[in-house]
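Colleague: Residue 67 in this note's numbering sits at position 30 of the sequence shown; the count goes up by one each step and never skips. Quick reminder that beta carbons are idealized off the backbone N, C-alpha and C, glycines included. Quantities reported herein were computed from a predicted structural model and do not represent experimental measurements.
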Amino acid sequence: MTKQGDPGKEAFIILSGKATVKRSGKKVATISTGSVVGELSLLDHGPRTATVVCDTECQVLVISRGNFLRVIDKVPALTHKLFGALAMRIRDLDRAYFG
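#1: Looking at C-alpha atoms only, which residue of Asp-43, Thr-70, Ala-124 is the closest neighbour of Glu-94?
#2: Can you look up Ala-87 in the DSSP assignment and give me helix, strand or coil?
#3: Would you kindly work out how many angstroms separate the C-alpha atoms of Lys-55 and Val-89, rounded to a whole number?
#4: Just mark Leu-130 as buried or exposed, buried being the case when its beta carbon has 16 or more other beta carbons within 10 Å.
#5: Which same chain residues end up closer than 7 Å to Leu-52 when comparing Cβ atoms and leaving out the 5 residues on each side of it in sequence?
#6: Does the beta-carbon distance from Arg-107 to Glu-47 come in below 8 Å?
#7: Quick one: measure Cβ to Cβ for Thr-57 and Asp-92, integer angstroms, because I've assumed they're closer than 8 Å.
#8: Among Asp-81, Asp-110, Glu-76, which has the Cα closest to the Cα of Gly-121?
#9: To the nearest angstrom, how far is it from the Cα of Pro-113 to the Cα of Val-73?
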């Protein structure tokens, strides 16, 4: 699905299947149905922060940056949900590094 360090132009929502998330070659998570991959690249055009490989056959919904921005403009509640998810990730990182 993604390779760490590659430029990201879209995000993926896993509709079915399981995938492994790796950072610097080390497995950090297993994700499945409902998980979102690549959302940071939609916001900042930055490189992929992880490699994600499907462990089983995965069905995914691909969201381009253009479509994402159009939806955000039309559905403000989605912006609130996105900020909540990003805040949770930041808190998880804070706990992991600082206890």
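Modeller: So, from the listed chains and residues:
#1: Thr-70
#2: coil
#3: Each residue's alpha carbon lies about 10 Å from the other.
#4: exposed
#5: Within the same chain, and ignoring the five residues on either side of Leu-52 in sequence, the residues whose Cβ sits closer than 7 Å to its Cβ are Thr-70, Gln-96, Val-97, Leu-98.
#6: no
#7: 6 Å
#8: When each option's Cα is compared against that of Gly-121, the closest is Glu-76.
#9: 19 Å
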